Amino acid sequence: MESIHLVEVSGLILGALVFLLAGGLWIGITLLLCGFIAMQFAPPGISIGAALATNAWSGSASWSLTALPLFVWMGEILFRTRLSDEMFRGLSPWLNWLPGRLIHVNVLGCGLFGAVSGSSAATTAMVAKITLPELKTRGYDEMISLGSIAGAGTLGLLVPPSIPMIVYAVAANVSIIQMFMAGLLPAVIVMALYMSAIGVWALMNPGKMPKKPAPMPLRQKLKETLNLIPLGLLICSVFAALLMGWATATECAAWGVLGSLVLAASQRSLSWKSFRDSVMGATRMTGMIMLILTGAGYMSIAMGYTGIPNALAEWVNGFQLSPYALIAVLTVMYILLGCAIDGLSMIVLTTVVVLPMIQQAGFDLIWFGVFLVLMVEMAQITPPVGFNLFVLQTMSGRDSLAVARAALPFFLLLVVTAVIITVFPDIVLILPKLAFPG
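10 is the number of the first residue of the sequence shown in this note's numbering; add one for each residue after it.
This is how it looks when you write it as structure tokens:
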């Protein structure tokens, strides 16, 4: 298929996507319809129905996805207990001196939950379920709350365990453990940039911040900090089981649900009604997520059949760019791809063509894996199909444009992080080199 024709096809698909979303159609149905449009330009002999059925089954039957509804249910249970309020009470005395105060809980919470779940969607859904109502009740601006969760929710991809890192490590034939270690320092940089941005926003918009509470004595601070113990024990136990290899992410999610139920029962906030509400809330959220995943998967498969991702990568390779120019063009390419396909598909569809280019330019494959995960993080908050945006749109009731606008500053900070690790690659490679000196 000629390059000009591929550009026309991709423009048609993107236009249809924007038009259908603007018309208020369900996101999952919109993605399915755009996948159907893309399939019209696939090579002859490919069955549209068979491709849809195969994708729907393989996507929903994925063992790694089993952790998603469990972590969503865990968030629903915690939301219906006093743990969310206790988390704010415990962190509030130590964060109130920072500009932005409790908005930083979104970043810290996503970092903690991301290390447990390994899923951006699960991290976003669980933290948003807990923090959004609390921040709104306390008078914090909704847009900065939404934007910080959308951006920080992507930390579930960068801190281990990370499904995209595993997929890339297999595709590039590199060590999974080294990939996990390489993502730690960039994750810290992302969190620091996010918290700095929140602080700057708070200083520039004092009128949008609630009234600062009165100073609290140290003894009272320590007493309030005790409220963090139940949730801290739950998170640490789940994370320790995963880190020590005692359980998989899905098994940890199951233990997290059990721990949440035990905590709710110990607080006497577990009743038949709260249990039923948590199950129904998790079921609705999981149903929405699975429909979107099916639609995104079908659209990604359709885009793969058209050859657009491979053609785009080969087009970039044809310019014979310098190393830094190559990274700049790849960044633009992945941002554009993130508007149309999901992150895992970006990795699977482009690594075969891109990896030889990266090796020829002299970049380390472990480093490029972290760079690529940052690109996947951008795709999670890139309109019109950024998955974190869909999750927050559903949970907040705000339209997709408002959520995307709130997430834009945090998207740009991910671009800044990509620039930092490109200029200073040792940030990524220092921990793997220390652990594996050979």
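Cβ atoms here follow ideal geometry from the backbone N, Cα and C, with glycine treated the same way.
Please read these numbers as outputs of a predicted model, since none were measured by experiment.
Closest by C-alpha distance to residue i, when choosing among the options
{"i": "alanine 388", "options": "Leu212, Ile344, Phe433 and Leu417", "result": "Ile344"}
{"i": "alanine 337", "options": "Pro215, Leu42 and Val428", "result": "Val428"}
{"i": "leucine 41", "options": "Ala62, Leu144, Lys442 and Pro52", "result": "Ala62"}
{"i": "isoleucine 175", "options": "Ile198, Val382 and Leu155", "result": "Val382"}
{"i": "lysine 442", "options": "Cys119, Ala256, Arg293 and Gly192", "result": "Gly192"}
{"i": "isoleucine 367", "options": "Val385, Leu272, Asn236 and Leu339", "result": "Leu339"}
{"i": "methionine 297", "options": "Phe396, Ala25, Pro52 and Gly20", "result": "Phe396"}
{"i": "methionine 294", "options": "Val116, Gln402 and Pro52", "result": "Gln402"}
{"i": "leucine 364", "options": "Glu95, Gly123, Leu23 and Pro332", "result": "Pro332"}
{"i": "glycine 58", "options": "Ser283, Met342, Cys119 and Met308", "result": "Met308"}
{"i": "glycine 156", "options": "Asp435, Arg414 and Leu440", "result": "Arg414"}
{"i": "valine 179", "options": "Ser287, Leu374 and Leu421", "result": "Leu374"}
{"i": "valine 168", "options": "Trp210, Ser129 and Ser205", "result": "Ser129"}
Short Cβ contact (8 angstroms threshold) for residue i with residue j
{"i": "alanine 2", "j": "phenylalanine 80", "result": "Lying outside 10 to 447, the shown extent of the chain, residue 2 is not represented and no answer is given."}
{"i": "glycine 37", "j": "glycine 406", "result": "no"}
{"i": "alanine 47", "j": "threonine 426", "result": "no"}
{"i": "phenylalanine 433", "j": "isoleucine 390", "result": "no"}
{"i": "methionine 404", "j": "leucine 166", "result": "no"}
{"i": "threonine 90", "j": "glutamine 276", "result": "yes"}
{"i": "alanine 444", "j": "alanine 159", "result": "no"}
{"i": "glutamate 233", "j": "glycine 99", "result": "yes"}
{"i": "phenylalanine 399", "j": "isoleucine 301", "result": "yes"}
{"i": "glutamate 95", "j": "leucine 240", "result": "yes"}
{"i": "cysteine 43", "j": "alanine 25", "result": "yes"}
{"i": "leucine 111", "j": "arginine 147", "result": "yes"}
{"i": "threonine 360", "j": "threonine 75", "result": "no"}
{"i": "methionine 204", "j": "histidine 113", "result": "yes"}
Collapsed DSSP secondary structure at residue i in the structure displayed
{"i": "methionine 10", "result": "Summary for methionine 10: the model assigns pLDDT 44, below 50, so the residue's position carries little reliability; its value from the coordinates is reported in the next sentence. Coil, per DSSP."}
{"i": "cysteine 119", "result": "helix"}
{"i": "proline 446", "result": "coil"}
{"i": "threonine 171", "result": "Checking the sequence, you will find serine at residue 171 rather than threonine. Residue state, collapsed to three classes: coil."}
{"i": "glycine 192", "result": "coil"}
{"i": "isoleucine 356", "result": "helix"}
{"i": "lysine 220", "result": "coil"}
{"i": "alanine 250", "result": "helix"}
{"i": "asparagine 236", "result": "coil"}
{"i": "threonine 163", "result": "coil"}
{"i": "glutamine 49", "result": "coil"}
{"i": "valine 183", "result": "coil"}
{"i": "threonine 391", "result": "coil"}
{"i": "valine 368", "result": "Checking the sequence shown, residue 368 turns out to be glutamine, not valine. Residue state, collapsed to three classes: helix."}
{"i": "asparagine 397", "result": "helix"}
{"i": "aspartate 286", "result": "helix"}
{"i": "aspartate 150", "result": "coil"}
{"i": "proline 418", "result": "helix"}
{"i": "leucine 433", "result": "The residue you asked about is not leucine; residue 433 is phenylalanine in the sequence shown. Coil at phenylalanine 433, not helix or strand."}
{"i": "threonine 90", "result": "coil"}
{"i": "valine 114", "result": "helix"}
{"i": "isoleucine 439", "result": "helix"}
Rounded distance between the beta-carbons of residue j and residue i, thought under 8 angstroms
{"i": "proline 195", "j": "valine 437", "result": "6 angstroms"}
{"i": "leucine 346", "j": "alanine 370", "result": "19 angstroms between Cβ atoms; not a contact."}
{"i": "threonine 132", "j": "leucine 164", "result": "7 angstroms"}
{"i": "glutamate 143", "j": "glycine 290", "result": "Incorrect: roughly 17 angstroms between the Cβ atoms, too far for contact."}
{"i": "cysteine 348", "j": "leucine 107", "result": "No, cysteine 348 and leucine 107 are not in contact; Cβ-Cβ is about 34 angstroms, not under 8 angstroms."}
{"i": "leucine 422", "j": "leucine 202", "result": "5 angstroms"}
{"i": "asparagine 115", "j": "alanine 161", "result": "5 angstroms"}
{"i": "valine 385", "j": "methionine 355", "result": "6 angstroms"}
{"i": "leucine 243", "j": "leucine 272", "result": "7 angstroms"}
Beta carbon proximity, residue i to chain D, threshold 8 angstroms
{"i": "serine 171", "result": "Protein chains in the displayed structure number just one, and chain D is not present."}
Checklist entry - Are three or more beta carbon pairs between the stretch 375-385 and the stretch 182-195 nearer than 8 angstroms? => result yes
Next on the checklist: Using 8 angstroms as the cut-off, can you tell me whether the stretch 222-238 makes contact with the stretch 149-156, which would need three or more C-beta pairs spanning the two stretches below that distance?
Outcome noted: no
Checklist entry - How do the stretch 266-276 and the stretch 239-249 stand: do at least 3 beta-carbon pairs fall below 8 angstroms, yes or no? => result yes
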